[in-house]
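Working notes, structure below.
This is the structure we're talking about:
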């Protein structure tokens, strides 16, 4: 089985050669959210930029679909979970940075709501990592919906402290998955 | 001699179509085996099952004595696989692609550059260092695929239609390469080109409707034409058709 580091390097090279301009746009454009002018047109443009970035991240995430379909990953023993982990790192970090900057600096939302949104994004990646096989798709949707509602309910009924605990549990689980993956690799 | 590949009563269906219908054969170490048959007889499915790219419905496929099941991948480092059409990352340059293939196949770090350089030179691809694979001609793409299939020095070479859509010069190059590997590696090749196959293989499996209908082993006293007629007879026997196209004059 191909190591996680090699898979990550491959994914980075693949996205660099296939979409370097879009990657640069996604990585650099979040700085624009710091523009602190209370002008309606600028705010409107920034929201559009944010939406555009989300669409671009999503389309890039799916860009390697052909490699999956034509058996490239299978041919070279590249596991799907490692590919998803690599893509989550490449796009998850810019996605969270975009969300964080626009929510905290532009919309100036309260930290409890911010933690709720980030927790749901983390939950999305986690459910996909746990149920990586396509035939577990329904189970994935069920788990994501169920736990998203739980997180939303915690936001409505409880305070910041519980949101911090939920956020911490999700982060811990993410770290646990990384450790599990690297142990499997050594085994 | 050690049995490397063993298909035992393998059945593979795609919906209502049966691609492999109780396929059984085995290949021993050092053999060069050609899988020959008409379009749709199940050659590519056989290769895909062997490479674990598709699952089979029943029967047993063993490689080095281990059963191929979904998720079993460790044997693939021992295989040099050339699929038809070859699978690439079209946006990579040949060197970039071959470097990744070396890393995927766990080639020693110190050997990577050396092997790539020698393959690029031998395959006459050195003038295209910065050209993307997608921009190459089909012949050169096949050369890159072949380089990727052999770069990790595998024990078994599995080539699916390596001569398809190629010009004479590339066919000559690939067949010379395969010839040089004969007796050193275990070869399993599918092709429609009976002329070429008779020069490259020592055993021929004739396939029809997902089964092996004839297993022809080459003897020392057999002439090229004798082998060729044995193979063509086997194929044609199964597919006698009458042409009924009076309108086509």
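Chains as they are written, first to last, in the numbering used here: chain A, 816 to 1002; chain B, 4 to 252.
Note that beta-carbon positions come from the ideal geometry of N, C-alpha and C, so glycine has one too.
On the three-state DSSP scale, how would you describe residue 214/B?
strand
Measure the Cβ-Cβ separation of residue 44/B and residue 161/B and say whether it is below 8 Å.
no
Taking the runs of the beta strand (DSSP E) that are 3 residues or longer, which of them lie wholly in the segment 9-87 of chain B?
20-31, 35-40, 61-66, 82-85
In chain B, which residues lie with their C-beta within 9 Å of the C-beta of residue 832/A?
92, 94, 95, 96, 99, 135
For residue 6/B, does the three-state DSSP call read helix, strand or coil?
strand
Counting only beta-carbon separations shorter than 8 Å, does residue 79/B have a partner in chain A?
It does: the Cβ of residue 79/B has a partner Cβ on chain A nearer than 8 Å.
Does residue 118/B pass the burial test, meaning 16 or more other C-beta atoms within 10 Å, or should it be called exposed?
buried
Kindly list, in the order they appear in chain A, the residues whose Cβ is closer than 8 Å to that of residue 56/B.
886, 889, 890
Are the segment 49-63 of chain B and the segment 133-144 of chain B touching by the rule of at least three beta carbon pairs closer than 8 Å?
Taking 8 Å as the limit for Cβ pairs, the verdict is that the segment 133-144 of chain B does not touch the segment 49-63 of chain B.
Cβ shell of residue 899/A (< 7 Å), same chain only, five flanking positions each side left out
943, 944, 947
Could you tell me which chain B residues have their CB closer than 9 Å to the CB of residue 893/A, listed as they occur along the chain?
In chain order: 107.
Cutoff 8 Å: residue 951/A Cβ touching any chain B Cβ
no
Can you pull the chain B residues whose beta carbon is under 8 Å from the beta carbon of residue 828/A, in chain order?
The contact set of residue 828/A on chain B, defined by CB atoms closer than 8 Å, consists of 95, 99, 103 in chain order.
If you reduce the DSSP assignment to three classes, tell me which class residue 878/A lands in.
coil
Drop a sphere of 10 angstroms on the beta-carbon of residue 981/A, count the other beta-carbons inside from all chains shown, and report buried for 16 or more, exposed for fewer.
buried
Would you call the segment 210-229 of chain B and the segment 33-43 of chain B in contact, with 3 or more CB pairs under 8 Å?
Cβ pair count under 8 Å is three or more, so yes.
Are there three or more Cβ pairs, one per stretch, closer than 8 Å when the segment 855-871 of chain A is compared with the segment 908-919 of chain A?
yes
By the 10 Å Cβ neighbour count, where 16 or more other Cβ atoms means buried, how is residue 249/B classified, buried or exposed?
Exposed, by the Cβ-count rule.
Can you list the residues of chain B that residue 882/A reaches, using a CB-CB cut of under 9 Å?
90, 92
With DSSP collapsed to three states, give me the class of residue 948/A.
coil
Do the CB positions of residue 987/A and residue 978/A come within less than 8 Å of each other?
no
Is there contact here, the segment 926-941 of chain A with the segment 956-974 of chain A, by at least three beta-carbon pairs under 8 Å?
Touching, yes.
Unbroken beta strand (DSSP E) run spanning residue 163/B, endpoints:
That run of the beta strand (DSSP E) goes 159-163.
Which residues of chain A have a Cβ atom closer than 7 Å to the Cβ of residue 76/B, listed in chain order?
816, 892
Bridge partner(s) assigned by DSSP for residue 188/B
185/B
For residue 903/A, I'd like the list of residues in its chain whose CB is within less than 6 Å of its CB, leaving aside the five on either flank, ordered along the chain.
940
Which residue's Cα is closest to the Cα of residue 17/B: 25/B, 48/B, 5/B, 10/B?
Among 25/B, 48/B, 5/B, 10/B, the Cα nearest to that of residue 17/B belongs to 48/B.
Nearest chain A C-beta to residue 84/B closer than 8 Å, yes or no?
yes
Along the chain, where does the alpha helix (DSSP H) that runs through residue 96/B open and close?
No alpha helix (DSSP H) contains residue 96/B, which DSSP labels as neither H nor E.
At the level of alpha carbons, what is the spacing between residue 218/B and residue 92/B?
One C-alpha to the other measures close to 37 Å.
Check whether the segment 94-107 of chain B touches the segment 159-179 of chain B, taking contact to mean three or more Cβ pairs, one atom from each stretch, closer than 8 Å.
Too few Cβ pairs lie closer than 8 Å, so no.
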